[in-house]
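Below is one structure, written out as structure tokens, with a few remarks after it.
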Amino acid sequence: MTERGMADGAAPTSGGLLNAVRGLADGLFASAQQRLELFALELHEEKLRAVQLFIWLSVAVFAGGLGLIFASVTAVYLFWETARLPVLITLTLVYLFVAVAAAWAARRCLKRLPKPFEASLAELRSDRACIPPRTWTN
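Following numbering that gives the first Met the number 0, the numbering of the sequence shown begins with 0 at its first residue and continues without gaps.
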């Protein structure tokens, strides 16, 4: 065989290896792209959920605050001559109790929420599970 014949015989092997590396790199980049797209979608959903929650909580706090103010003023006005101080003390204790109960309920609710980006993390865990562990030989 001539040198050209040997080069021709070696070309398909190196081309095959190069194609395999290209295929592997393409697969890795495609997988990374899918993971990034999933992450971006989840980030967008979390942002929308947070904004929506903030708006509704703001409306609820504002309306509830106005209701409490008017109810308190009405109660104090009704008992101005007879029991002004006990009514003020009672209202203060009730408001403090409600504030503590609401803070406790909010904390409990936050603990029950799913972790952000749970789907992305699950996909990454499944990807890692597909990769065989490295074995060290001496």
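Ideal placement from N, C-alpha and C gives every residue a C-beta, glycine not left out.
Within its chain, find whatever has a CB closer than 8 Å to the CB of residue i; leave out the 5 residues flanking it on each side and keep chain order.
i	result
Ala74	Val86 and Leu90
Leu37	Ala118, Ser119 and Glu122
Go to residue i, then tell me how far its alpha helix (DSSP H) extends in each direction, as first and last residue.
i	result
Leu123	Glu117 to Cys129
Give the DSSP-derived three-state secondary structure of residue i in the structure shown.
i	result
Leu112	coil
Excluding the five sequence neighbours on either side, which residues of its own chain have a C-beta within less than 7 Å of the C-beta of residue i, listed in chain order?
i	result
Ser71	Leu90
Determine, using beta carbons only, whether residue i comes closer than 8 Å to chain D.
i	result
Leu27	Among the chains of the structure shown, chain D does not appear; only one protein chain is present.
Is residue i near the ligand FAD, judged by its Cβ being under 7 Å from some heavy atom?
i	result
Cys108	Here there are no bound small molecules, and the ligand FAD is not part of this structure.
Closer than 6 Å by C-beta to residue i: which residues in its own chain qualify, once you throw out the five before and the five after it? Chain order, please.
i	result
Pro115	Glu45
Arg48	none
Check whether the stretch 49–69 touches the stretch 122–129, counting contact only when three or more Cβ pairs, one atom from each stretch, lie closer than 8 Å.
no
Where in the stretch 75–102 do unbroken runs of the beta strand (DSSP E), each at least 3 residues long, occur, reported from the N-terminal end onward?
none
With three or more C-beta pairs closer than 8 Å as the rule, is the stretch 98–114 touching the stretch 20–34?
no
Can you give, in chain order, each stretch of the beta strand (DSSP E) that sits fully within the stretch 8–77 and has at least 3 residues?
none
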